[in-house]
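Engineer: Take 30 as the starting number for the sequence shown in the numbering used here and just add one per residue.
Where is the CB? At the ideal position from N, CA and C, for every residue including glycine.
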Amino acid sequence: MSLDFVLVPGPLVRASSWEPTAQQLRKSGHNVQTPDVLDNQQSPPAWRAWTSHLLQCITPCHEPILVGHSSASPLVADLARRLPCRCIIIVDGEVPPSRGPASPIRPALFDFIRSIAASDGTLPIWSRWFAGDPRRTSLIGLDLLARDPPAFAEFERGLPSLSVDWFDDAIELADWDHVPAGLIQCSPIYDHAALEARRRGWPVVRLEGTHLHPTLEPVETTKALVSMSRDMIG
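1. Whole angstroms are fine: how far does the CA of A78 sit from the CA of P10?
2. What is the rounded straight-line gap between the Cα of S81 and the Cα of V255?
3. Under three-state DSSP, which class holds C116?
4. Once DSSP output is grouped into helix, strand and coil, what is the label at I218?
5. Please give me, in chain order, every unbroken run of the beta strand (DSSP E) with length at least 3 that falls completely inside the segment 101 to 173.
6. Note the first and the last residue of the continuous alpha helix (DSSP H) segment covering L84.
7. Alpha carbon to alpha carbon, what distance is there between I213 and N60?
8. Could you check where the alpha helix (DSSP H) with L54 kicks off and where it finishes?
9. In its own chain, which residues sit with a C-beta less than 6 angstroms from the C-beta of T18, not counting the 5 before and 5 after it?
10. Would you report the Cα separation of M118 and V42, rounded to the nearest angstrom?
11. With 16 as the cutoff for other CB atoms within 10 Å, does H221 come out buried or exposed?
12. Closest by CA to D204, which one among G129, L95 and L112?
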């Protein structure tokens with residue numbers, strides 16, 4: 030059975046981070062969209078407006094499976110009330126609140142980026158946030174990606190420049206948890222999210238990888254997405 034997927038990247042990266050998995054899904058006979066809000070924007074839109082821009086990038090299709098990676102998890106939760114969908118899958122991201130404000134990053138990470146911001150509030154691109162932390166770099170998978178310098182340079186070239194103020198924002202989520210949802214955990218960074226997902230009764234799959242698993246391990250990511258989707262939609 031062919032499935033329709035909408036693979037949503039977090040605002041800190043680009044849709045190219047999903048492309049290896051998207052290609053694998055297409056090879057398996059599925060329909061895939063990877064909406065890229067930053068593709069036609071001179072500057073990143075506000076976090077609270079991001080979902081509206083996503084909708085402009087998505088071609089109408091029949092009840093897709095909405096998949097959000099990393100900080101895109103609140104985005105797919107918000108999309109679910111605006112776009113009829115079959116289910117939501119979060120890949121290595123936070124479990125959004127059932128309703129109410131949802132920020133782009135956790136408070137602890139917000140405190141961290143304040144500490145690395147320039148005097149004018151600007152931040153280095155996301156791939157350089159943890160340059161002095163080899164363990165974090167390894168958990169994310171940036172060290173593996175950097176083994177291919179041309180590919181890594183291309184990846185970094187597309188990353189947006191954001192200021193600390195951009196993160197001081199929230200999406201106001203309406204009730205969305207009537208939509209079937211599941212979590213695919215790829216790295217230990219999201220152990221806490223897996224616990225919360227299980228508490229809510231969601232299916233949870235653990236992959237022994239890194240945060241950038243959709244980029245680095247597309248075959249395994251594809252198998253997990255298809256299997257979970259079929260289990261949830263019956």
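Structural biologist: In terms of the structure at hand:
1. Summary: the structure shown does not reach residue 10, with the chain confined to residues 30 through 263, and so no result is reported for it.
2. Going by the C-alpha atoms only, they are around 27 angstroms apart.
3. strand
4. helix
5. Entirely contained in the segment 101 to 173, the beta strand (DSSP E) runs reaching 3 residues are, in chain order, 116 to 120 and 129 to 131.
6. It spans W79 to C86 - the alpha helix (DSSP H) in which L84 sits, taken as one unbroken run.
7. 20 angstroms
8. Here the alpha helix (DSSP H) through L54 covers E48 to K56.
9. Any property of residue 18 remains undetermined from this structure, which presents the chain solely from 30 to 263.
10. With the sequence shown as reference, residue 118 is identified as Ile, and Met is not the correct amino acid for it. Between I118 and V42, the C-alpha separation is close to 18 angstroms.
11. exposed
12. G129
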